[in-house]
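A.B. asks:
Residue numbers (the working numbering): 521 to 616.
(1) What's the call for residue 602, buried or exposed, on a 16-neighbour Cβ count within 10 Å?
(2) What first and last residue would you give for the alpha helix (DSSP H) that runs through residue 587?
(3) Using 8 angstroms as the cut-off, can you tell me whether the stretch 559-574 makes contact with the stretch 592-599, which would need three or more C-beta pairs spanning the two stretches below that distance?
(4) Quick one, which of 545, 522, 578, 598 has its alpha-carbon nearest residue 584's?
(5) What three-state label does DSSP hand residue 550 in the structure shown?
(6) Compare the C-alpha of residue 586 against each of 539, 523, 528 and name the closest.
(7) Would you list the one or two residues that DSSP bridges to residue 536?
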C-alpha cells in the first residue's frame, strides 16, 4: 500500500546560505535540479527535515523575493520596504 504525501510546490521556500527565498515551482524539483529564485539567485534542490533546519537557526527573509511576490500578487510594496534599501557593494580583491 502507498502512503501519499501531498506537497504544495508554492509552499516550498528554498533556503540558500541562511536566507529563505521564493521560486515559481510548478512541481517538486528533483534533488540536484537547478532552481531560480524570484530574486535571480540560483541553487540546486536538496531536501532535509524541518528538524535539520532548526539545527542552523531560523533563516532570514529574502526581501527581493518578497517584493517580487507581492507585485505578482497585486499587493502594494510599501516605499520603506527593505528591498528598496541600498546594499553594500562587495569589493573584489585587487580592485579599487
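The C-beta atom is built at its ideal place from N, Cα and C for all residues, glycine as well.
Keep in mind the model is a prediction, meaning the values are calculated, not measured.
C.D. replies: The short version:
(1) As a working note, residue 602 is residue 82 in the chain shown. Residue environment for residue 602: exposed (fewer than 16 other C-beta atoms within 10 angstroms of its C-beta).
(2) Working through the chain shown from its first residue, we reach residue 587 at position 67. 583-592 is the span of the alpha helix (DSSP H), which, as asked, contains residue 587.
(3) Counting Cβ pairs under 8 angstroms, fewer than three are found: no touch.
(4) As a first step, residue 584 must be located in the chain shown, where it is residue number 64. Cα-wise, what sits closest to residue 584 is 598.
(5) In the chain shown, residue 550 corresponds to position 30, counting from 1. Residue 550 carries a coil assignment under DSSP once its states are collapsed to helix, strand and coil.
(6) Along the chain shown, read from residue 1 onward, the residue named residue 586 stands at position 66. Of the residues 539, 523, 528, the one whose Cα lies closest to the Cα of residue 586 is 539.
(7) Here the question's residue 536 lines up with position 16 in the chain shown. Answer by DSSP bridge pairing, in chain order: 539.
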